[in-house]
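Chemist: Read top to bottom, the protein sequences are chains W and C. If you use UniProt numbering, the first sequence corresponds to residues 1 to 291, in order. If you use UniProt numbering, the second sequence corresponds to residues 1 to 291, in order. Cβ coordinates follow ideal geometry from the N, Cα and C atoms, glycine included.
2 protein chains.
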Amino acid sequence: MHELETRELRYFVAVAEELHFGRAAERLGIAQPPLSRAVRQLERRLGVRLLDRDRRGVALTEAGGVLLREARAALDAVAAAARRTRRAGDPKRPLVLVTKAGASHELLRGLLGALAEEPGAAPVEVLLCEVGEQAGLLRDGRADVALMHRPYDDLAGFDTEDLYVEGQIALLPAGHPLASRERLTLAEVSDVPDLPIARWPRLDGTYPDGPGPEVHTQSQLAQLVALGRTLLVIPASSRAWQWPGHVAVPVVDAPDVTTVLAWPPKSHSPALASLVRAASCLRPPVTGRHD
Amino acid sequence: MHELETRELRYFVAVAEELHFGRAAERLGIAQPPLSRAVRQLERRLGVRLLDRDRRGVALTEAGGVLLREARAALDAVAAAARRTRRAGDPKRPLVLVTKAGASHELLRGLLGALAEEPGAAPVEVLLCEVGEQAGLLRDGRADVALMHRPYDDLAGFDTEDLYVEGQIALLPAGHPLASRERLTLAEVSDVPDLPIARWPRLDGTYPDGPGPEVHTQSQLAQLVALGRTLLVIPASSRAWQWPGHVAVPVVDAPDVTTVLAWPPKSHSPALASLVRAASCLRPPVTGRHD
DNA sequence: ACGTTGTGATACCCGCCGGGTATCAGGACG
DNA sequence: CGTCCTGATACCCGGCGGGTATCACAACGT
Chain W
1 MHELETRELR YFVAVAEELH FGRAAERLGI AQPPLSRAVR QLERRLGVRL LDRDRRGVAL
61 TEAGGVLLRE ARAALDAVAA AARRTRRAGD PKRPLVLVTK AGASHELLRG LLGALAEEPG
121 AAPVEVLLCE VGEQAGLLRD GRADVALMHR PYDDLAGFDT EDLYVEGQIA LLPAGHPLAS
181 RERLTLAEVS DVPDLPIARW PRLDGTYPDG PGPEVHTQSQ LAQLVALGRT LLVIPASSRA
241 WQWPGHVAVP VVDAPDVTTV LAWPPKSHSP ALASLVRAAS CLRPPVTGRH D
Chain C
1 MHELETRELR YFVAVAEELH FGRAAERLGI AQPPLSRAVR QLERRLGVRL LDRDRRGVAL
61 TEAGGVLLRE ARAALDAVAA AARRTRRAGD PKRPLVLVTK AGASHELLRG LLGALAEEPG
121 AAPVEVLLCE VGEQAGLLRD GRADVALMHR PYDDLAGFDT EDLYVEGQIA LLPAGHPLAS
181 RERLTLAEVS DVPDLPIARW PRLDGTYPDG PGPEVHTQSQ LAQLVALGRT LLVIPASSRA
241 WQWPGHVAVP VVDAPDVTTV LAWPPKSHSP ALASLVRAAS CLRPPVTGRH D
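#1: Could you tell me how far apart the beta carbons of Asp154(C) and Leu203(C) are, in whole angstroms, since I believe they sit closer than 8 angstroms?
#2: Taking 8 angstroms as the CB-CB limit, is Arg49(C) close to chain W?
#3: Where does Arg150(W) sit, in a helix, a strand or coil, going by DSSP?
#4: Determine which residues of the region 149-173 of chain W have a Cβ less than 7 angstroms from any Cβ of chain C, and write them out in chain order.
#5: Between the Cα of Gly257(C) and the Cα atoms of Val165(C), Tyr207(C) and Gly29(C), which residue gives the shortest distance?
#6: Select from Val48(C), Asp159(C), Val260(C) and Gly102(C) the residue whose C-alpha is nearest the C-alpha of Gln218(C).
#7: Need the endpoints of the beta strand (DSSP E) that Ala117(W) sits in, please.
#8: What in chain W is Cβ-close to Lys266(C), meaning under 9 angstroms?
#9: Tell me which residue opens and which closes the alpha helix (DSSP H) that Thr6(C) is part of.
#10: Keeping to the same chain, check which residues put their C-beta closer than 7 angstroms to that of Ala80(C); ignore five residues upstream and five downstream.
#11: Short check: CB of Leu115(W) to CB of Val126(W), under 8 angstroms?
#12: So, helix, strand or coil for Val192(W), using DSSP?
#13: Is Val39(W) helix, strand or coil when you go by DSSP?
#14: Which chain W residues are close to Leu4(C), counting only those with a beta carbon under 9 angstroms from its beta carbon?
#15: What does the alpha-carbon distance come out to for the pair Ala279(W) and Ala156(C)?
#16: Identify, in the order they occur along the chain, each residue of the same chain with its Cβ nearer than 6 angstroms to the Cβ of Pro211(C), setting aside the five sequence neighbours on each side.
#17: I'd like to confirm the pairing. Which residues does DSSP put opposite Cys129(W) in its beta bridges?
#18: With the cut-off set at 8 angstroms, would you say Asp52(C) and Ala59(C) are in Cβ contact?
#19: Would DSSP call Asp52(C) helix, strand or coil?
#20: Using 8 angstroms as the limit for Cβ to Cβ distance, is Gly89(W) near chain C?
#21: Just to confirm the assignment, what range does the alpha helix (DSSP H) spanning Asp76(C) have?
#22: Residues in its own chain within less than 7 angstroms of Glu214(W) by CB, not counting five upstream and five downstream?
#23: Beta-carbon within less than 8 angstroms of Ala31(W)'s beta-carbon, same chain only, minus the 5 sequence neighbours each way: which residues are those?
#24: So the alpha helix (DSSP H) Leu224(W) belongs to, where does it begin and stop?
#25: From Ile234(C), Leu4(C) and Pro264(C), pick the residue whose C-alpha is nearest to that of Glu70(C); which is it?
#26: Taking 8 angstroms as the limit between beta carbons, can you name the residues of its chain near Val15(C), skipping five residues before and five after?
#27: What residues of chain C sit near Leu9(W), judged by a beta carbon separation below 8 angstroms?
#28: Under 7 angstroms Cβ-Cβ, which residues of chain W neighbour Glu62(C)?
#29: Name, please, each residue of chain W whose Cβ falls closer than 9 angstroms to the Cβ of Thr85(C).
#30: Leu224(W) and Leu95(W): beta carbons closer than 8 angstroms?
#31: At least one CB of chain C closer than 8 angstroms to the CB of Arg37(W): is that the case?
#32: Judging by CA-CA distance, which residue of Pro250(C), Arg55(C), Asp159(C) and Pro119(C) is the nearest neighbour of Ser267(C)?
#33: Indicate, with yes or no, if the ligand SAH has a heavy atom lying under 7 angstroms from the CB of Pro33(W).
#34: What does the alpha-carbon distance come out to for the pair Leu272(C) and Val48(W)?
#35: From which residue to which residue does the alpha helix (DSSP H) around Ala24(W) run?
#36: Which residues in the same chain as Ser190(C) place their Cβ atom closer than 8 angstroms to its Cβ, once the five residues preceding and following it in sequence are excluded?
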């Protein structure tokens with residue numbers, strides 16, 4: 001019984017994502033028949049039916065769903081192996097830190113500043129990404145360490161260090177009736193007829209119900225806010241979002257947001273170690289500034 | 001540029017572990033020349049030198065060490081994908097719980113008992129392993145959930161639930177001078193000339209220095225204890241080790257041991273969820289019994 | 001000094017399998 | 001009832017993974 005090969009996993013993932021052999025084959029740059037054969041062979045090897053071929057398209061079986069999740073993780077691990085090995089051979093490899101564009105500006109400035117003080121200062125390359133992408137970048141080796149935010153980001157499977165805890169504020173157009181309030185509650189901001197809260201995709205990629213617009217990039221969101229078309233509840237420090245004509249009002253019962261440093265477990269890089277050390281030394285003054 | 005294939009990773013891992021192309025080839029069941037070629041091709045693909053061929057054997061480069069670690073993780077992930085998918089197709093799949101042989105007997109009994117009370121009682125298969133093997137079994141999909149012990153086991157990358165905190169005791173032959181003591185300290189037990197403490201391999205596989213015997217299986221250890229050749233400091237609940245002719249004395253300053261339930265993050269199995277729920281309901285009475 | 005031994009690298013051949021094209025089979029439409 | 005559109009099948013071909021035989025070279029023996 002042969003072992004699984006990454007090629008088979010890639011093929012299956014393509015089919016499982018497209019739910020269409022033709023499109024999947026096109027995406028993979030091969031013809032459809034070999035793809036059908038490969039998936040069939042994979043099913044024979046595993047002794048499990050992965051797809052229900054329904055003459056009109058394809059559907060995942062329960063086992064297929066499991067394999068889709070597991071195969072993505074495995075492919076990420078393989079990609080990470082390649083990337084980290086290549087970078088280990090590079091003598092002047094910078095540490096790649098990834099964070100959501102627009103979040104934790106001041107904290108990141110402080111962190112990089114503190115790291116520059118360190119004697120053996122490894123260079124740090126900052127990579128900006130969209131919401132929810134950090135975990136994937138960390139898992140497949142494109143980044144070494146991430147700034148993430150609990151409870152909104154998926155921290156499963158990473159080692160973490162808490163850096164900063166803060167409340168959240170609502171961002172409102174200056175002329176709005178609620179803009180003059182001293183404080184707000186979630187109930188008050190979640191049901192404003194003329195300013196529906198934007199809906200972000202959940203961890204599984206689906207959108208919650210509601211009247212607000214669906215968004216998945218920060219630039220979309222920025223535009224909506226600038227147009228006064230949506231209400232935003234964000235961590236208090238994200239003042240980068242403070243456009244002219246908008247005001248921030250604390251939302252007292254919104255859950256606190258913790259900014260955490262996250263990295264894959266078992267990382268042995270000394271550069272990462274010094275960054276984590278710098279971060280944990282940095283913490284007291286930063287959290288102190290919060291008061 | 002082709003992607004990495006698991007075959008290449010398996011080949012490299014074999015060579016990196018054996019540090020000898022001939023033996024590695026034998027282990028893989030292939031001839032030596034194709035193995036040399038495959039590793040060479042892997043180096044070309046990654047653009048990194050992985051091995052220093054020194055006419056007399058082979059040594060890992062720094063990048064090679066990185067790849068060895070990453071490749072093992074990736075291969076575990078691939079193996080886990082296959083195993084979990086096969087088991088997802090099996091309608092009457094039991095949940096596999098792994099624990100160190102001889103540890104946490106009573107807690108495990110209580111846990112299984114509590115789970116049997118549950119209405120939708122999924123069958124649980126208990127798998128016993130040697131010290132330090134749980135993480136690997138969990139990572140490569142041979143087990144779904146593990147009982148592990150902080151701070152001794154490697155919990156990196158798993159979700160966990162604390163179940164039980166306890167102190168440790170020293171196990172001594174009944175006639176030994178220290179056996180009549182009410183309590184002991186680590187300093188006292190760590191330097192007993194006639195009863196050196198056994199040395200376990202660390203997480204990286206090397207052994208600490210010291211006068212005691214090297215052990216890596218529990219049966220070895222059991223024999224050494226029965227012969228009165230070694231002194232053992234273990235969690236208080238591990239009374240299964242209580243042979244005739246031995247007594248347990250509390251070691252007051254030994255670190256507390258926490259028994260935790262651990263499982264791979266992102267597990268969606270309802271059977272696992274009910275086990276975790278049963279465990280967390282079980283916790284108060286169990287920790288209460290500790291007093 | 002020279003053969004011996006043991007290492008990994010090279011040369012070369014072969015069979016299998018992954019990939020291609022052409023075609024089939026069978027529901028969903030009009 | 002033809003026309004799509006789906007995935008499955010049939011078949012061929014080239015490349016690559018695997019084999020055997022051999023080389024190059026260093027560390028040892030005598």
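Modeler: Taking the coordinates as given:
#1: 6 angstroms
#2: yes
#3: strand
#4: Ala156, Gly157 and Asp159
#5: For the sequence presented, residue 257(C) should be read as Val rather than Gly. By alpha-carbon distance to Val257(C), the top candidate from Val165(C), Tyr207(C) and Gly29(C) is Val165(C).
#6: Gly102(C)
#7: The residue asked about is misnamed: residue 117(W) is Glu in this sequence, not Ala. Per DSSP, Glu117(W) belongs to no beta strand (DSSP E); it is in the alpha helix (DSSP H), His105 to Glu117.
#8: Those are Arg69, Ala73, Asp154, Ala156 and Gly157, listed as they occur along chain W.
#9: Thr6 to Glu18
#10: Arg139, Asp140 and Gly141
#11: Taking the C-beta atoms as reference points, Val126(W) is found no nearer than 8 angstroms to Leu115(W).
#12: coil
#13: Three-state DSSP puts Val39(W) in a helix.
#14: Thr6, Val78, Ala79, Ala81 and Ala82
#15: Their backbone Cα atoms lie some 20 angstroms apart in a straight line.
#16: Pro196
#17: Lys100(W).
#18: yes
#19: strand
#20: It does; some Cβ of chain C falls within 8 angstroms.
#21: First-last of the alpha helix (DSSP H) with Asp76(C): Glu62 to Gly89.
#22: Arg199 and Tyr207
#23: Ala25
#24: First-last of the alpha helix (DSSP H) with Leu224(W): Gln218 to Ala226.
#25: Leu4(C)
#26: Phe21, Ala24, Leu35, Val39, Leu51 and Val58
#27: Val78 and Ala81
#28: Residues of chain W whose Cβ lies closer than 7 angstroms to the Cβ of Glu62(C) are, in chain order, Ala88.
#29: Leu46, Val48, Leu50, Ala63, Gly64, Val66, Leu67, Glu70 and Ala71
#30: no
#31: no
#32: The shortest C-alpha separation from Ser267(C) is found at Asp159(C).
#33: This structure does not include the ligand SAH; it has no bound ligands of any sort.
#34: 21 angstroms
#35: Phe21 to Leu28
#36: Ile197
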